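Chemist: Residue numbers (the numbering used here): 17 to 321. The beta carbon of each residue, even a glycine, is placed where N, CA and C say it ideally should be. From a predicted model like this one, the values you see are computed outputs, not experimental measurements. First the structure, then my questions, so here it is.
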């Protein structure tokens with residue numbers, strides 16, 4: 017176990033380093049000059065001064081080295097062009113909102129997806145299975161931004177049940193969390209259905225039924241427990257998706273998280289903000305995947321051996 021952990025931590029550090037290079041280069045590939053966007057009346061002298069302040073007049077390797085040294089040495093990603101604050105201060109204000117939204121959406125997606133998957137597996141081959149499969153397929157197909165706009169139109173404008181946006185109490189969280197949970201719930205449902213169906217065909221399930229164990233106990237205590245490995249893996253993968261996919265949902269619902277912060281920074285060509293936010297987001301996704309590997313290793317006896 018210790019060797020496994022050390023190897024995974026080492027691969028995580030290498031992956032973060034590679035990701036930092038990729039983020040840095042991708043940001044520089046975005047069309048547009050931030051120095052020109054900052055100035056209402058750009059002149060060559062003023063543009064040159066801005067580019068010097070942002071270190072944009074230096075070679076790319078040197079720019080990357082300065083950025084990496086500041087990030088590792090001082091924990092600073094630079095000063096945001098839009099807000100004028102250190103990017104780490106902006107991220108400290110936004111990442112809790114993204115974590116809050118993603119965790120609630122994951123809880124909803126897990127509960128709905130596992131229930132729907134077990135429901136379809138229990139009624140396999142019937143119209144109920146076909147209905148559940150169709151529901152999961154629709155959940156995979158509907159664009160998140162369209163679903164978010166439709167939810168605001170129906171539940172906020174027409175019915176007046178829930179607020180349309182901004183972060184506040186629990187009522188502000190319900191709509192964006194439900195919309196964000198739609199696609200992960202559909203994926204979890206499909207994986208749960210397949211995993212439970214495979215488990216239901218095994219000998220220990222037939223033995224439990226022969227002993228007179230109730231079908232509910234067979235499904236939830238025996239079949240679901242044996243099918244946990246692929247389900248937990250998919251839940252972890254979907255949590256990583258939620259962190260990265262929150263950009264559209266946060267923008268639609270004006271949720272003040274990292275996703276909305278990145279969208280605003282991209283429009284303004286705010287290099288320091290984009291680089292810092294993307295790197296933090298990538299790190300969060302990688303840590304989520306690392307946690308999935310640990311959980312997978314703990315649940316699967318074959319991996320432990």
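CA-CA distance, residue 162 and residue 64?
Modeler: Looking up residue 162 in the chain shown gives position 146. Looking up residue 64 in the chain shown gives position 48. If I take the Cα positions, the gap works out to 42 angstroms.
Chemist: Shortest alpha-carbon distance to residue 129 belongs to which of 84, 223, 149 and 170?
Modeler: Position 113 of the chain shown, counting from 1, holds the residue named residue 129. Per the Cα distances, 149.
Chemist: Output needed for residue 118: all residues of its chain with C-beta closer than 7 angstroms, excluding positions within five of it in sequence on either side, in chain order.
Modeler: Walking along the chain shown from the start, residue 118 turns up at place 102. Cβ within range, chain order: 255, 258, 259 and 262.
Chemist: Which runs of the alpha helix (DSSP H) fall wholly inside the segment 80-143 and span at least 4 residues, in chain order?
Modeler: The qualifying runs are 103-138.
Chemist: Can you tell which of 304, 298, 308 and 310 has the C-alpha that lies nearest to the C-alpha of residue 38?
Modeler: Here residue 38 refers to the residue found at position 22 when the chain shown is read from its first residue. Here the closest residue by C-alpha is 298.
Chemist: Say whether the segment 153-167 touches the segment 198-210, bearing in mind that this needs 3 or more beta-carbon pairs closer than 8 angstroms, one atom from each stretch.
Modeler: In short, these stretches touch, since the Cβ pair count reaches three.
Chemist: Compare the C-beta of residue 93 with all C-beta atoms of chain C and state if any pair is closer than 7 angstroms.
Modeler: The displayed structure is made up of one protein chain only, and chain C is not part of it.
Chemist: Short of 7 angstroms in beta carbon distance, which residues of its chain neighbour residue 125, apart from the five on each side in sequence? Order them along the chain.
Modeler: If you number the chain shown from 1, residue 125 lands on position 109. The answer, listed in chain order, is 197, 200, 201, 204 and 254.
Chemist: Whole angstroms are fine: how far does the CA of residue 294 sit from the CA of residue 31?
Modeler: Walking along the chain shown from the start, residue 31 turns up at place 15. Walking along the chain shown from the start, residue 294 turns up at place 278. Those two C-alpha atoms are separated by around 14 angstroms.
Chemist: Assuming residue 102 and residue 92 make a contact with CB atoms under 8 angstroms, what is their CB distance in whole Å?
Modeler: Within the chain shown, numbered from 1, the residue matching residue 102 stands at position 86. Within the chain shown, numbered from 1, the residue matching residue 92 stands at position 76. At roughly 6 angstroms, the Cβ-Cβ gap stays under 8 angstroms, so residue 102 and residue 92 are in contact.
Chemist: Are the beta-carbon atoms of residue 195 and residue 164 separated by less than 7 angstroms?
Modeler: The residue labelled residue 195 in the question sits at position 179 within the chain shown. The residue labelled residue 164 in the question sits at position 148 within the chain shown. For residue 195 and residue 164, yes; Cβs fall inside 7 angstroms.
Chemist: Just checking, does the segment 203-217 make contact with the segment 240-251 on the three C-beta pairs under 8 angstroms criterion?
Modeler: Yes: at least three Cβ pairs fall under 8 angstroms.
Chemist: Please classify residue 269: is it buried, with 16 or more other beta-carbons within 10 angstroms of its beta-carbon, or exposed?
Modeler: Residue 269 sits at position 253 when you count from the first residue of the chain shown. Its Cβ being crowded by 16 or more others within 10 Å, residue 269 is buried.
Chemist: Helix or strand or just coil, what does DSSP make of residue 158?
Modeler: For the purposes of this step, residue 158 is taken as the residue at position 142 of the chain shown. In the structure shown, residue 158 sits in coil (DSSP, three-state: anything other than H, G, I, E or B).
Chemist: By the 10 Å Cβ neighbour count, where 16 or more other Cβ atoms means buried, how is residue 143 classified, buried or exposed?
Modeler: Reading the chain shown from its first residue, position 127 is the one you call residue 143. Exposed, since its Cβ has fewer than 16 Cβ neighbours within 10 Å.
Chemist: Just to confirm, is the Cβ distance from residue 183 to residue 113 under 7 angstroms?
Modeler: As a first step, residue 183 is located in the chain shown; it is residue number 167 there, counting from the start. As a first step, residue 113 is located in the chain shown; it is residue number 97 there, counting from the start. In contact: residue 183 and residue 113 (Cβ atoms closer than 7 angstroms).
Chemist: In terms of residue numbering, what span does the alpha helix (DSSP H) encompassing residue 279 cover?
Modeler: The residue you call residue 279 lines up with position 263 of the chain shown. Note, residue 279: alpha helix (DSSP H), 274-283.
Chemist: Mapping DSSP to helix, strand and coil, what is residue 214?
Modeler: Along the chain shown, read from residue 1 onward, the residue named residue 214 stands at position 198. Residue 214: helix per DSSP, three-state reduction.
Chemist: Cβ-heavy atom distance between residue 30 and the ligand GDP below 6 angstroms?
Modeler: No copy of the ligand GDP occurs in the structure displayed, which carries no ligand at all.
Chemist: I'd like to check one pair, residue 36 with residue 286: are the Cβ atoms closer than 7 angstroms?
Modeler: Locating residue 286 in the chain shown gives position 270, counting from the first residue. Locating residue 36 in the chain shown gives position 20, counting from the first residue. Taking 7 angstroms as the Cβ cut-off, residue 286 and residue 36 do not qualify as a contacting pair.
Chemist: For a quick check, are the C-beta atoms of residue 329 and residue 191 less than 7 angstroms apart?
Modeler: Summary: the structure shown does not reach residue 329, with the chain confined to residues 17 through 321, and so no result is reported for it.
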